């Protein structure tokens, strides 16, 4: 993927808190240790992070409390200034932008949703969603029409006149999502938007989010501490620890090839068959004979379990969306993932 496809790029980004972090600008190196920083009265919340986020990609940043994930997303929107490094959005260096330019960028390009719903209690759902358009100076008729459209999009048509106190937690978060989409952002930042919801509503909101993701084709940065949520939603996952990125890769590759023991701890209890797609296990055809029906490469092994169990071929063909065979699955290896290795 070329550089021009990247909407957001970070290079050697640090965010340090302490007595005089500005004195560290230009002096931080990858090998700078926490002990060295503490000796000067500082702590790194984000440590030497470099990453690129492609247009239309959903990057999920995952980590435990204190890992630096929420600080990172605030750096990406320049809600806080970084200590060192550089962040560009569509080629523009955030660090060189004026406050006026930043406000304009956020209003035109960015939508944000946070764990605390942040709804205005004295305004209805419709008025809450229309609020950022009001701040942008949009006329009342068009902003109300847009707000109504967004409430319908998130399944709250008919509740336009409800106040936040009259809505459930899940409904309030839907209003927050609708509000963030009202400005038609190209970039969507979501910081643990579902973590305050009970498990059933959380799953429902994930389903809703996947539906919206497929419809809207946004560039998305989504923060979570829930690895299962990350696996379900992400195109790629960045796992953070102590302010640094331990691994950034597709859910499939993180589960199949964790880069560090820390990442391996997250993946140890994962049902790999629900994450790994048939195409990931495919071997090259290399002149082997191909007979019989093929498995779809885009389906997970879990979804294909019955077909694999009932197929007695040692090597099962795998086909792409166009029906063309792209490789062969070793049935024994697939069964190991589905059922566990034979004793």
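In our numbering, the protein residues as written are -9 to 333.
Note that the Cβ used here is the ideal one computed from N, Cα and C, for glycine as well.
Treat the numbers as computed from the prediction; the structure is a model and nothing was measured.
Item to complete: Determine the contact status of residue 260 and residue 197, defining contact as a CB-CB distance below 9 Å.
Response: Walking along the chain shown from the start, residue 260 turns up at place 270. Walking along the chain shown from the start, residue 197 turns up at place 207. No, the Cβ-Cβ distance between residue 260 and residue 197 is not below 9 Å.
Discussion item. Just to check my reading of the structure: residue 151 and residue 164 have Cβ atoms closer than 8 Å, yes? What is that Cβ distance to the nearest angstrom?
Written reply: Here the question's residue 151 lines up with position 161 in the chain shown. Here the question's residue 164 lines up with position 174 in the chain shown. Actually they do not touch by this definition, with Cβ atoms about 15 Å apart.
Practice prompt. Compute the Euclidean distance between the alpha carbons of residue 108 and residue 297, then round it to the nearest angstrom.
Written response: For the purposes of this step, residue 108 is taken as residue 118 along the chain shown, with counting starting at 1. For the purposes of this step, residue 297 is taken as residue 307 along the chain shown, with counting starting at 1. So the two alpha carbons sit approximately 48 Å from each other.
Worksheet item: Do residue -2 and residue 72 have their C-beta atoms within less than 9 Å of each other?
Response: Reading the chain shown from its first residue, position 8 is the one you call residue -2. Reading the chain shown from its first residue, position 82 is the one you call residue 72. No, they are not a contact pair.
Worksheet item: Going along the chain, which residues of its own chain have a beta-carbon closer than 7 Å to the beta-carbon of residue 324, five neighbours each way excluded?
Response: Counting from 1 along the chain shown, the entry for residue 324 is found at position 334. Excluding positions up to five away in sequence, the list reads 271, 291 and 298.
Worksheet item: Nearest CA to the CA of residue 114: which residue from 99, 137 and 174?
Response: Residue numbering aside, residue 114 sits at position 124 when the chain shown is read from its first letter. Minimum Cα distance to residue 114 is reached at 137.
Worksheet item: residue 237 lies in the beta strand (DSSP E); which residues open and close that run?
Response: Residue mapping note: residue 237 aligns to position 247 of the chain shown, counting from 1. Run containing residue 237: 234 to 239, per the beta strand (DSSP E) assignment.
Worksheet item: From what residue to what residue does the beta strand (DSSP E) around residue 1 run?
Response: Taking the first residue of the chain shown as 1, we reach residue 1 at position 11. Taken as a continuous stretch (DSSP letters only), the beta strand (DSSP E) holding residue 1 covers -4 to 8.
Item to complete: Using a Cβ-Cβ cut-off of 9 Å, state whether residue 212 counts as contacting chain C.
Response: You won't find chain C in this structure, because it holds only one protein chain.
Practice prompt. Decide if residue 20 is buried, meaning its Cβ has at least 16 other Cβ atoms within 10 Å, or exposed.
Written response: Locating residue 20 in the chain shown gives position 30, where the first residue counts as 1. Exposed, by the Cβ-count rule.
Discussion item. So, at 6 Å on beta carbons, what are the nonlocal neighbours of residue 57 in its own chain, with the 5 sequence-adjacent residues on each side left out?
Written reply: On the chain shown, residue 57 is found 67 positions in, with the first residue counted as 1. Within the same chain, 230 and 231 come within 6 Å of residue 57 by CB-CB distance, once the 5 residues on both sides are set aside.
Fill in: Beta-carbon separation (whole angstroms), residue 40 vs residue 65, contact threshold 8 Å
The count along the chain shown starts at 1 and reaches residue 40 at position 50. The count along the chain shown starts at 1 and reaches residue 65 at position 75. Not a contact, Cβ separation roughly 13 Å.
Worksheet item: Taking the C-alpha atoms as reference points, what is the distance between residue 321 and residue 193?
Response: Within the chain shown, numbered from 1, the residue matching residue 321 stands at position 331. Within the chain shown, numbered from 1, the residue matching residue 193 stands at position 203. If you take the alpha carbons of residue 321 and residue 193, they lie about 32 Å apart.
Discussion item. Can you tell me whether residue 101 is helix, strand or coil according to DSSP?
Written reply: What you label residue 101 is simply residue 111 of the chain shown in a count that begins at 1. Collapsing the DSSP output to three states places residue 101 in a strand.
Item to complete: Quick one: grab the DSSP three-state call for residue 122.
Response: The residue you call residue 122 lines up with position 132 of the chain shown. Correct three-state label for residue 122: helix.
Worksheet item: Measuring CB to CB, does residue 282 end up less than 9 Å from residue 303?
Response: Residue 282 sits at position 292 when you count from the first residue of the chain shown. Residue 303 sits at position 313 when you count from the first residue of the chain shown. Cβ atoms of residue 282 and residue 303: closer than 9 Å.
Fill in: Any alpha helix (DSSP H) of 4 or more consecutive residues that is wholly inside the region 124 to 166
Listed in chain order, the complete alpha helix (DSSP H) runs (minimum 4 residues) inside the region 124 to 166 are 130 to 143.
Practice prompt. Could you give the DSSP three-state label for residue 187: helix, strand or coil?
Written response: The residue given as residue 187 occupies position 197 in the chain shown. Looking at residue 187 - three-state DSSP - the assignment turns out to be coil, as it is neither helix nor strand.
Item to complete: Can you tell me the Cβ-Cβ gap for residue 233 and residue 35, rounded? I've got them flagged as a contact below 8 Å.
Response: Start at 1 with the first residue of the chain shown, and residue 233 comes out as number 243. Start at 1 with the first residue of the chain shown, and residue 35 comes out as number 45. About 5 Å separates the beta carbon of residue 233 from that of residue 35, a gap short enough to meet the 8 Å contact definition.
Item to complete: Check each candidate in 153, 167 and 159 and name the one with the smallest Cα separation from residue 139.
Response: Indexing the chain shown from 1 puts residue 139 at position 149. Ranked by Cα distance from residue 139, the options 153, 167 and 159 are led by 167.
Worksheet item: Based on the DSSP secondary-structure assignment, which residues constitute the bridge partners of residue 70?
Response: Along the chain shown, one-based indexing puts residue 70 at 80. Note: residue 70 sits in no beta bridge, so no partner.
Fill in: Inter-residue CB distance, residue 180 and residue 227 (contact presumed, cutoff 8 Å)
By one-based count along the chain shown, residue 180 stands at place 190. By one-based count along the chain shown, residue 227 stands at place 237. That pair is no contact at about 14 Å.
Worksheet item: In three-state terms, what does DSSP make of residue 116?
Response: Translated into positions along the chain shown, residue 116 becomes position 126. Helix at residue 116.
Worksheet entry | Cα-Cα separation between residue 344 and residue 215, rounded to whole angstroms | Since the first residue of the chain shown is -9 and the last is 333, residue 344 is not available in this structure.
Item to complete: Report all residues from its chain with a CB closer than 6 Å to the CB of residue 74; omit the five preceding and five following residues, and keep chain order.
Response: In the chain shown, counting from the first residue as 1, residue 74 sits at position 84. Excluding residues within five positions, the ones whose Cβ falls inside 6 Å are 4, 15 and 18.
Item to complete: Tell me whether residue 59 sits in a helix, a strand or coil according to DSSP, three-state version.
Response: The residue given as residue 59 occupies position 69 in the chain shown. If DSSP states are grouped into helix, strand and coil, residue 59 belongs with the helices.
Worksheet item: Beta carbon of residue 68, beta carbon of residue 92: below 9 Å?
Response: For the purposes of this step, residue 68 is taken as residue 78 along the chain shown, with counting starting at 1. For the purposes of this step, residue 92 is taken as residue 102 along the chain shown, with counting starting at 1. Yes, the Cβ-Cβ distance between residue 68 and residue 92 is below 9 Å.
Discussion item. Quick check on DSSP: helix, strand or coil for residue 19?
Written reply: Translated into positions along the chain shown, residue 19 becomes position 29. Here residue 19 sits in coil by DSSP.
Discussion item. Rounded to the nearest angstrom, what separates residue 239 and residue 249 at their Cα positions?
Written reply: For the purposes of this step, residue 239 is identified with residue 249 of the chain shown, where counting begins at 1. For the purposes of this step, residue 249 is identified with residue 259 of the chain shown, where counting begins at 1. One alpha carbon belongs to residue 239, the other to residue 249, and they sit about 10 Å apart.
Worksheet item: Are the beta-carbon atoms of residue 225 and residue 47 separated by less than 9 Å?
Response: For the purposes of this step, residue 225 is taken as the residue at position 235 of the chain shown. For the purposes of this step, residue 47 is taken as the residue at position 57 of the chain shown. Cβ atoms of residue 225 and residue 47: closer than 9 Å.
Discussion item. Considering only the alpha carbon of each residue, which of 142, 176, 111 and 106 lies closest to residue 187?
Written reply: To locate residue 187, count along the chain shown from 1; it is residue 197. Nearest option by C-alpha distance: 106.
Discussion item. Give me, in chain order, the residues of the same chain whose beta-carbon lies closer than 7 Å to that of residue 280; leave out the 5 immediate sequence neighbours on both sides.
Written reply: For this step, residue 280 is matched to residue 290 along the chain shown. Cβ within range, chain order: 307 and 315.
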